[in-house]
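In case it helps, the UniProt record's numbering puts the sequence shown at residues 1 to 85.
Think of the CB as a built atom: it goes at the ideal place given N, C-alpha and C, for glycine as much as any other residue.
Here the structure is a predicted model, which is why all the values come from computation and not from measurement.
Scroll down for the structure; my scribbles are underneath it.
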Amino acid sequence: MPGGDWLFYVMPFCLVRDLWHTAEFQEPPAWAVALGEFGFTVLGASLLLSPLTGADSTALSAAERKQIRYWQPETLGATLFNSWD
C-alpha cells in the first residue's frame, strides 16, 4: 500500500440492544467467508468475547491506551466496537 499504510475492514455479527456496548456477538454465518474476498476481516464471537488482557495492544496510540484505562472494557469486542469516541 502507498506509504506503508494498512487499512482493515472489520465486520462483527451481533445483536445490538442500545447505544452502550452490550452486544451479544455471534459466530458469522457461512456466507460471511465471501466478504474476505472484498478485503473485510470477519471476526468470530470467540475472538470478540476474548479478554482484552490477552490482546496485543502495542499498535495502539497513547490516547487509545488512555481511553482503555479510563473506560475499562473487558473484551476485545467491547474495545473495538465502543461508544466512547
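Through-space distance from residue j to residue i, alpha-carbon basis
i          : j          : result
residue 33 : residue 81 : 21 Å
residue 26 : residue 59 : 26 Å
residue 72 : residue 42 : 24 Å
residue 37 : residue 67 : 33 Å
residue 74 : residue 44 : 17 Å
residue 47 : residue 70 : 22 Å
residue 65 : residue 35 : 30 Å
residue 52 : residue 79 : 8 Å
residue 24 : residue 61 : 27 Å
Exposure of residue i, with buried meaning 16 or more beta-carbon neighbours within 10 Å
i          : result
residue 54 : exposed
residue 30 : exposed
residue 63 : exposed
Cβ-Cβ separation, residue j to residue i (assumed contact under 8 Å), whole Å
i          : j          : result
residue 76 : residue 50 : 5 Å
Proximity test, residue i beta-carbon vs the ligand ZN heavy atom, cut-off 6 Å
i          : result
residue 65 : Absence of the ligand ZN from the depicted structure is noted, as is the absence of any ligand whatsoever, leaving it without description.
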